[in-house]
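Okay, so the sequence shown: first residue is 1 according to full-length UniProt numbering, each after it adds one.
For every residue, glycine included, the Cβ atom is placed at its ideal position computed from N, Cα and C.
Being a predicted model, the structure only gives us computed values, none of them experimental.
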Amino acid sequence: MNEIQKDELMKALHDCMEACNRCFDECLKEDDVKMMEACIRIDRECADVCSFTEQAVSRDSPFLDEYLKTCVVVCKACADECGQHDHDHCQHCADMCKKCADVCERFIA
Numbered sequence: 001m002n003e004i005q006k007d008e009l010m011k012a013l014h015d016c017m018e019a020c021n022r023c024f025d026e027c028l029k030e031d032d033v034k035m036m037e038a039c040i041r042i043d044r045e046c047a048d049v050c051s052f053t054e055q056a057v058s059r060d061s062p063f064l065d066e067y068l069k070t071c072v073v074v075c076k077a078c079a080d081e082c083g084q085h086d087h088d089h090c091q092h093c094a095d096m097c098k099k100c101a102d103v104c105e106r107f108i109a
């Protein structure tokens, strides 16, 4: 993977992590937080997986393919969950998760 590709991957992971963190935070402010429980949980999972995977990319981890595969699964699950909610933050998160999953899939060897 060249530096341009590495930068693209790290940006997608970082943007997704930020969107998930923002969605997580905004969901906690909703009137019916209980209704948002599944969204909040998957937002946290996805943000953590993206952050960890970004670190793995930066250090050229020998396990990068495995981390990317996990990231794809979690990002797709987060996109599915967030996509069910009409809130702008959920829709933005779903879009960022889909983009991140697509980018990660391109870099799996």
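Pairwise C-alpha distance: residue j and residue i
i           : j     : result
residue 118 : PHE24 : The structure shown does not extend to residue 118, since the chain is modelled only from 1 to 109, so the question has no answer here.
ASP69       : ASP32 : Note that residue 69 is Lys in the sequence shown, not Asp. Approximately 33 Å, taken between the alpha carbons.
PHE52       : MET36 : 24 Å
GLN55       : MET96 : 18 Å
residue 118 : LYS34 : What is shown of the chain runs 1 to 109, which leaves residue 118 out entirely.
Cβ distance (whole Å) where residue i is taken to contact residue j below 8 Å
i     : j     : result
ALA12 : LYS99 : 6 Å
Residue range of the alpha helix (DSSP H) that includes residue i
i     : result
PHE24 : 3-28
MET96 : 88-106
Nonlocal neighbours in the same chain, by C-beta distance under 7 Å from residue i, ignoring five residues either side
i     : result
ALA28 : One point to set straight first is that residue 28 is Leu, not Ala, in the sequence displayed. Result list for LEU28: ILE40, in chain order.
VAL74 : GLU45, CYS46, VAL49
8 Å Cβ shell around residue i - same chain, five flanking residues per side excluded
i     : result
ASP15 : MET96, LYS99, CYS100
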